[in-house]
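Peer 1:
Chains as they are written, first to last, in this note's numbering: chain U, 884 to 953; chain Y, 559 to 905.
1. According to DSSP, simplified to helix, strand and coil, what is residue 567 of chain Y?
2. Got a sec? Which residues, its chain only, sit under 6 Å from residue 784 of chain Y by beta carbon, not counting five neighbours each side?
3. Would you mind reading off the limits of the alpha helix (DSSP H) that contains residue 725 of chain Y?
4. Can you grab the Cα-Cα spacing for the pair residue 776 of chain Y / residue 703 of chain Y, in whole Å?
5. CA-CA distance, residue 943 of chain U and residue 801 of chain Y?
6. Using a Cβ-Cβ distance cut-off of 8 Å, determine whether residue 789 of chain Y contacts chain U.
7. Any Cβ of chain Y within less than 8 Å of the Cβ of residue 936 of chain U?
8. Could you name the residues of chain Y that residue 922 of chain U contacts, counting a contact when the two beta carbons are closer than 8 Å?
9. What number of angstroms, rounded off, separates the C-alpha of residue 733 of chain Y from the C-alpha of residue 586 of chain Y?
10. Please name the residue in Y:855, Y:598 and Y:644 whose C-alpha comes closest to that of residue 620 of chain Y.
11. Identify, in the order they occur along the chain, each residue of the same chain with its Cβ nearer than 8 Å to the Cβ of residue 591 of chain Y, setting aside the five sequence neighbours on each side.
12. Below 8 Å, can you find three or more Cβ-Cβ pairs linking the segment 685 to 701 of chain Y to the segment 801 to 816 of chain Y?
13. Helix, strand or coil: which one does DSSP assign to residue 743 of chain Y?
14. Looking only at its own chain, which residues have a Cβ that is under 6 Å from the Cβ of residue 763 of chain Y, when we skip the five neighbours before and after it?
15. Since residue 753 of chain Y is in the alpha helix (DSSP H), which residue starts that stretch and which ends it?
16. Please name the residue, chosen from Y:606, Y:647 and Y:634, that lies closest to residue 679 of chain Y on a Cα-to-Cα basis.
17. Going along chain Y in order, which residues have a C-beta closer than 7 Å to the C-beta of residue 900 of chain U?
18. Under 8 Å between C-beta atoms, does residue 695 of chain Y make it to chain U?
19. Between residue 932 of chain U and chain Y, is there a C-beta pair that is closer than 8 Å?
20. As a quick exercise: from Y:833, Y:823, Y:772 and Y:571, pick the residue whose alpha carbon is nearest that of residue 730 of chain Y.
21. Once DSSP output is grouped into helix, strand and coil, what is the label at residue 950 of chain U?
22. Take residue 616 of chain Y and list the residues in its own chain whose beta-carbon comes closer than 8 Å to its own, dropping the five residues that flank it on each side.
23. Quick check on DSSP: helix, strand or coil for residue 586 of chain Y?
24. Give the residues of chain U in contact with residue 792 of chain Y, contact being defined as C-beta atoms less than 7 Å apart.
25. Tell me which same chain residues have a C-beta within less than 6 Å of the C-beta of residue 655 of chain Y, skipping the five on either side of it?
26. Would you kindly report the start and end of the unbroken alpha helix (DSSP H) that includes residue 887 of chain U?
27. For a contact defined as C-beta to C-beta under 9 Å, what are the partners of residue 859 of chain Y on chain U?
28. Counting pairs of beta carbons, one from the segment 559 to 572 of chain Y and one from the segment 924 to 932 of chain U, are three or more of them closer than 8 Å?
29. Taking the beta strand (DSSP E) that residue 933 of chain U belongs to, which residues open and close that run?
30. So, does the CB of residue 706 of chain Y fall closer than 8 Å to a CB anywhere in chain U?
31. Which of helix, strand or coil does DSSP assign to residue 766 of chain Y?
32. Taking C-beta pairs closer than 8 Å, name the residues in chain U that residue 753 of chain Y reaches, listed in chain order.
33. What residue ranges within the segment 658 to 728 of chain Y form continuous beta strand (DSSP E) runs of no fewer than 3 residues, ordered along the chain?
34. Could you spell out the range, first to last residue, of the beta strand (DSSP E) harbouring residue 819 of chain Y?
35. For residue 886 of chain U and chain Y, any beta-carbon pair shorter than 8 Å?
36. Which two residues bound the contiguous beta strand (DSSP E) that contains residue 939 of chain U?
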């Protein structure tokens, strides 16, 4: 039930935002995090719960490698 | 640098001491099954599901109360879809609806605001279940309802918190060697909430996202960190060390901690959140719902939820209990251990 879906903020109106999920444009509440247009966000139960930061596969492997060598 | 070929080969060829890891979150349970990750692991790596599916840990008294409220004139019970099929001691919301009850399914709690504003003579009761991920959303809903003077909204809460449940599992001499921590709970709480448990029980935690690589990385991490108290955050695109302060403030404003009843487990002190007394007008009667009358005595949901048994160990699994006709809550939710096992991993 704690599933959350990533999307991109297209517009903001007060505490609401229009978020694009692969072409589906859905209104989401934005009262829990500070957002700006263009942000990649996680949406859970109709509410934006996080602004996603860049963290790619290589960064994940870096953590594991660092752990391996510690 | 390590690569994923080396990691998957390590996990497949692992031939050391058997290790048992618990994925706490139901969304991880579903992802592990859908990605077929168990087939990529050595037989000596066991993944067990934990009590992190809110539907699965909801006691029958709560369902009974929802059904009763839905049958009262002037009420409409509003809920996420999974809750429609969970049985209480008498019936499910689906069955109540077929008997004339007013029940409506939504995707977001905020949908209730428009419903309530458009229909002021109806009291809308939201089945507010969930963990730390969802609780601040209910608080935000109340914040908006109060700001808009919408008074025909109530919550029937069954809100639970993860640290108390994890501590309880660790205190039961469980054979868990490490935890894949719930990713979206961690988005709200930060990774900091696991440190005290990790240190107390000397068990590692790996916070992971929900794609296959993230989960495999978490399993690899927990094996490498076995018998340590490390908390490793692998879901850094979404999880920070500290909690979301806005969410924490909202929870603190509207909710108070108290004992909660968990299906198949019983009462765990300080593991629940309830509306504060000053917001009683928004509460549909959430205190004291701790009876858990299991309709089917052979059902093993309680032991499955804490990782002591796997779905295959239940005599009802795949026979009397199937997704079309679930006997236990773990077969109801699409994130339940039994539902995912039946749907994706049945050999």
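We put the beta carbon where it would ideally sit given N, CA and C, even for glycine.
Peer 2: So, from the listed chains and residues:
1. Here residue 567 of chain Y refers to the residue found at position 9 of the second chain. In the structure shown, residue 567 of chain Y sits in a helix (DSSP, three-state: H, G or I).
2. On the second chain, position 226 is the one that residue 784 of chain Y refers to. Around residue 784 of chain Y: 735.
3. Indexing the second chain from 1 puts residue 725 of chain Y at position 167. From DSSP, the alpha helix (DSSP H) with residue 725 of chain Y extends over 720 to 728.
4. Residue numbering aside, residue 776 of chain Y sits at position 218 when the second chain is read from its first letter. Residue numbering aside, residue 703 of chain Y sits at position 145 when the second chain is read from its first letter. One C-alpha to the other measures close to 40 Å.
5. Within the first chain, residue 943 of chain U is the residue found at index 60, counting from 1. Within the second chain, residue 801 of chain Y is the residue found at index 243, counting from 1. Rounded to the nearest angstrom, the two C-alpha atoms are 22 Å apart.
6. Translated into the one-based positions of the second chain, residue 789 of chain Y becomes position 231. False, the Cβ-Cβ gap to chain U never drops below 8 Å.
7. Numbered from its first residue, the first chain carries residue 936 of chain U at position 53. Closer than 8 Å to some Cβ of chain Y, the Cβ of residue 936 of chain U qualifies, so yes.
8. The residue labelled residue 922 of chain U in the question sits at position 39 within the first chain. Residues of chain Y passing the Cβ test: none, with the nearest at roughly 12 Å.
9. Counting from 1 along the second chain, the entry for residue 733 of chain Y is found at position 175. Counting from 1 along the second chain, the entry for residue 586 of chain Y is found at position 28. Residue 733 of chain Y and residue 586 of chain Y: Cα-Cα distance of roughly 20 Å.
10. Residue mapping note: residue 620 of chain Y aligns to position 62 of the second chain, counting from 1. When each option's Cα is compared against that of residue 620 of chain Y, the closest is Y:644.
11. Walking along the second chain from the start, residue 591 of chain Y turns up at place 33. Once the five neighbours on either side are set aside, the close Cβ partners of residue 591 of chain Y are 898, 899, 901, 902 and 903.
12. yes
13. In the second chain, residue 743 of chain Y corresponds to position 185, counting from 1. It is helical.
14. Along the second chain, one-based indexing puts residue 763 of chain Y at 205. Closer than 6 Å at the Cβ level, and outside the excluded window around residue 763 of chain Y, lie 737, 739, 752, 756 and 789.
15. The residue labelled residue 753 of chain Y in the question sits at position 195 within the second chain. That run of the alpha helix (DSSP H) goes 753 to 759.
16. Locating residue 679 of chain Y in the second chain gives position 121, where the first residue counts as 1. Of the candidates Y:606, Y:647 and Y:634, the one whose C-alpha sits nearest the C-alpha of residue 679 of chain Y is Y:634.
17. Numbered from 1 along the first chain, position 17 holds the residue referred to as residue 900 of chain U. Those do not exist, as residue 900 of chain U stays about 12 Å from chain Y at its closest Cβ, beyond 7 Å.
18. Stepping through the second chain from its first residue, residue 695 of chain Y is reached at position 137. Output row for residue 695 of chain Y: interface = yes.
19. Working through the first chain from its first residue, we reach residue 932 of chain U at position 49. With 8 Å as the cut-off, residue 932 of chain U counts as an interface residue toward chain Y.
20. Taking the first residue of the second chain as 1, we reach residue 730 of chain Y at position 172. Closest by alpha carbon: Y:823.
21. Taking the first residue of the first chain as 1, we reach residue 950 of chain U at position 67. DSSP places residue 950 of chain U in helix when its eight states are reduced to three.
22. Walking along the second chain from the start, residue 616 of chain Y turns up at place 58. 641, 644, 687, 716, 821 and 887.
23. As a working note, residue 586 of chain Y is residue 28 in the second chain. In this structure, residue 586 of chain Y counts as helix in the three-state DSSP scheme.
24. Numbered from its first residue, the second chain carries residue 792 of chain Y at position 234. Within 7 Å Cβ-Cβ: 943 and 946.
25. Working through the second chain from its first residue, we reach residue 655 of chain Y at position 97. Excluding positions up to five away in sequence, the list reads 661.
26. Within the first chain, the letter at position 4 stands for residue 887 of chain U. Element bounds for residue 887 of chain U: n/a, residue is neither H nor E.
27. Looking up residue 859 of chain Y in the second chain gives position 301. Those do not exist, as residue 859 of chain Y stays about 16 Å from chain U at its closest Cβ, beyond 9 Å.
28. no
29. Counting from one through the first chain, the residue named residue 933 of chain U turns up at place 50. Start and end: 930 to 934.
30. Along the second chain, one-based indexing puts residue 706 of chain Y at 148. By this cut-off, residue 706 of chain Y is not an interface position.
31. Locating residue 766 of chain Y in the second chain gives position 208, counting from the first residue. DSSP places residue 766 of chain Y in coil when its eight states are reduced to three.
32. As a working note, residue 753 of chain Y is residue 195 in the second chain. Result: empty, since nearest Cβ-Cβ is about 17 Å, beyond 8 Å.
33. 661 to 663, 681 to 688 and 711 to 718
34. By 1-based counting over the second chain, the position of residue 819 of chain Y is 261. That run of the beta strand (DSSP E) goes 813 to 820.
35. Position 3 of the first chain, counted from the start, is the residue given in the question as residue 886 of chain U. Cβ-Cβ to chain Y under 8 Å: yes for residue 886 of chain U.
36. The sequence position of residue 939 of chain U within the first chain is 56, counting from 1. Premise fails: residue 939 of chain U is in no beta strand (DSSP E) and is neither H nor E.
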